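Novice: Numbering (the working numbering), first residue to last: 973 to 1223.
Here a beta-carbon is modelled for each residue, glycine too, at the ideal position from N, C-alpha and C.
This structure is a prediction, so every number in the text was calculated from the model and none was measured.
Once you've had a glance at the structure underneath, I'll fire off some questions.
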Amino acid sequence: MSKALDKGLSALRRIAESDGISLNDLSLDLDMPMPTLHRLLLTLESHGFIRQSKSDATWSIGIEAFRVGSAFPRAAKLLSIARPILKDLSGRTGETANLGIMDLGEVIFIAQHETHHAIRAFFRPGSRGSWHSSGIGKVIAAYIAITDQKTLFEKAPLEQFTQNTIVQEQELLEEFNRIRAVGYSVDKEERFIGMRCIGAPVFNAANEIVAGISISGPVARIDDRSIANLGKETAKSGHEISRLLGATVVN
């Protein structure tokens, strides 16, 4: 970790412990020169992590720190709600069930329940993948704001992993329309030949897309005849997670 970042985080932590602390007291507590500390505080203030009182010049936590901190219980709640539903979905479909979120234009897999089949998909929790070749990535992209979709396309050219990978913006926009119409996405060997994935959206209490749930498996089991039924089962699990998160509109 860089020294400046380490010092900045130490200052942020100490400010969070107080009901407002002066530059002098903070300097003494952290054993840090006031000029150096003041520069760090101004940087944190510019990003909204701390704020300075106009009445007594003390420093306290800002709204951005609250926003970032509140992400942890939300993530913990999502995982605690989703894990038994992933297990149930895997049991109903016979396939590996996954939970993922979107971050910086990539899918991050955060939970999984594996099937017992010898041939199965596996995504290590914490691993990242391209959004446009993923069932979870495509379903999240289909429900985010148009401005956020444009940001995804600005990262083009999108990588062509197989002959089935969709890389053209117009084709992906048409894919988004299909996803919203049926309530689930299908990765038809778009990342790996021989493997398919079906994804469904997960919404929060504000009815915003926050994650995607999916099943993954070989084409031999997720064939064209079974996609519609498996899509409905996956969407059903997405609806249940969304309901437990407080969503009132799930598709």
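So for F1175, helix, strand or coil by DSSP?
Specialist: What you label residue 1175 is simply residue 203 of the sequence shown in a count that begins at 1. It is a strand residue.
Novice: At the level of alpha carbons, what is the spacing between I1082 and L1124?
Specialist: Here residue 1082 refers to the residue found at position 110 of the sequence shown. Here residue 1124 refers to the residue found at position 152 of the sequence shown. In a straight line, the C-alpha of I1082 is about 21 Å away from that of L1124.
Novice: Which residue's Cα is closest to the Cα of K1110: I1185, T1087, V1040 and M1167?
Specialist: The sequence position of residue 1110 within the sequence shown is 138, counting from 1. Per the Cα distances, I1185.
Novice: Could you have a look at M1167 and say whether DSSP puts it in helix, strand or coil?
Specialist: Taking the first residue of the sequence shown as 1, we reach residue 1167 at position 195. In the structure shown, M1167 sits in a strand (DSSP, three-state: E or B).
Novice: Is M1006 buried or exposed, if buried means 16 or more other CB atoms sit within 10 Å of its CB?
Specialist: Along the sequence shown, one-based indexing puts residue 1006 at 34. Exposed is the call here.
Novice: Answer yes or no: do N1179 and A1219 have a C-beta to C-beta separation smaller than 8 Å?
Specialist: Numbered from its first residue, the sequence shown carries residue 1179 at position 207. Numbered from its first residue, the sequence shown carries residue 1219 at position 247. A contact, by the Cβ cut-off of 8 Å.
Novice: Give the secondary structure of V1040 by DSSP, where H, G and I count as helix, E and B as strand, and everything else as coil.
Specialist: If you number the sequence shown from 1, residue 1040 lands on position 68. If DSSP states are grouped into helix, strand and coil, V1040 belongs with the helices.
Novice: May I ask you to report which of helix, strand or coil DSSP gives M1074?
Specialist: As a first step, residue 1074 must be located in the sequence shown, where it is residue number 102. Here M1074 sits in strand by DSSP.
Novice: Grouping DSSP H, G and I as helix and E and B as strand, with all else coil, what is K1208?
Specialist: Working through the sequence shown from its first residue, we reach residue 1208 at position 236. Here K1208 sits in helix by DSSP.
Novice: Pairing CB atoms from the region 1061 to 1076 with CB atoms from the region 1037 to 1046, are three or more of them under 8 Å?
Specialist: Counting Cβ pairs under 8 Å, fewer than three are found: no touch.
Novice: State the Cα-Cα distance for the pair I1112 and H1089, rounded to the nearest angstrom.
Specialist: Here residue 1112 corresponds to residue number 140 of the sequence shown, with the count starting at 1. Here residue 1089 corresponds to residue number 117 of the sequence shown, with the count starting at 1. Those two C-alpha atoms are separated by around 28 Å.
Novice: Any idea what DSSP makes of H1104, helix, strand or coil?
Specialist: As a working mapping, residue 1104 is identified with position 132 in the sequence shown. H1104: helix per DSSP, three-state reduction.
Novice: Quick one: what does DSSP say V1139 is sitting in, helix, strand or coil?
Specialist: Counting from one through the sequence shown, the residue named residue 1139 turns up at place 167. Here V1139 sits in coil by DSSP.
Novice: With distances taken between CB atoms, is the gap from T1068 to I987 smaller than 8 Å?
Specialist: Here residue 1068 corresponds to residue number 96 of the sequence shown, with the count starting at 1. Here residue 987 corresponds to residue number 15 of the sequence shown, with the count starting at 1. No, they are not a contact pair.
Novice: Would L977 be called buried (16 or more neighbouring beta carbons within 10 Å of its own) or exposed?
Specialist: Within the sequence shown, the letter at position 5 stands for residue 977. When all chains shown are included, L977 counts as exposed.
Novice: Can you give the Cα-Cα distance for L1058 and D1120, rounded to whole angstroms?
Specialist: Residue numbering aside, residue 1058 sits at position 86 when the sequence shown is read from its first letter. Residue numbering aside, residue 1120 sits at position 148 when the sequence shown is read from its first letter. Approximately 28 Å, taken between the alpha carbons.
Novice: Helix or strand or just coil, what does DSSP make of R1023?
Specialist: For the purposes of this step, residue 1023 is taken as the residue at position 51 of the sequence shown. In the structure shown, R1023 sits in a strand (DSSP, three-state: E or B).
Novice: To the nearest angstrom, report how far apart T1206 and H1019 are at their CA atoms.
Specialist: Against the sequence shown, residue 1206 aligns to sequence position 234. Against the sequence shown, residue 1019 aligns to sequence position 47. Computed Cα separation, rounded: 39 Å.
Novice: Let me check one thing: in DSSP terms, what residues is A988 bridge-paired to?
Specialist: Taking the first residue of the sequence shown as 1, we reach residue 988 at position 16. Per DSSP, none; premise fails for A988.
Novice: Which whole-angstrom value is the C-beta distance of I1190 and G1166, which I expect to be below 8 Å?
Specialist: As a working mapping, residue 1190 is identified with position 218 in the sequence shown. As a working mapping, residue 1166 is identified with position 194 in the sequence shown. Reading off the sequence shown, one finds Pro at residue 1190, where the question assumed Ile. About 6 Å; that satisfies the 8 Å criterion.
Novice: What does the alpha-carbon distance come out to for the pair E1126 and Q1084?
Specialist: What you label residue 1126 is simply residue 154 of the sequence shown in a count that begins at 1. What you label residue 1084 is simply residue 112 of the sequence shown in a count that begins at 1. Those two C-alpha atoms are separated by around 30 Å.
Novice: In this structure, what does DSSP give as the bridge partners for Q1084?
Specialist: Here residue 1084 refers to the residue found at position 112 of the sequence shown. For Q1084, which the question treats as bridged, DSSP gives the partners N1070.
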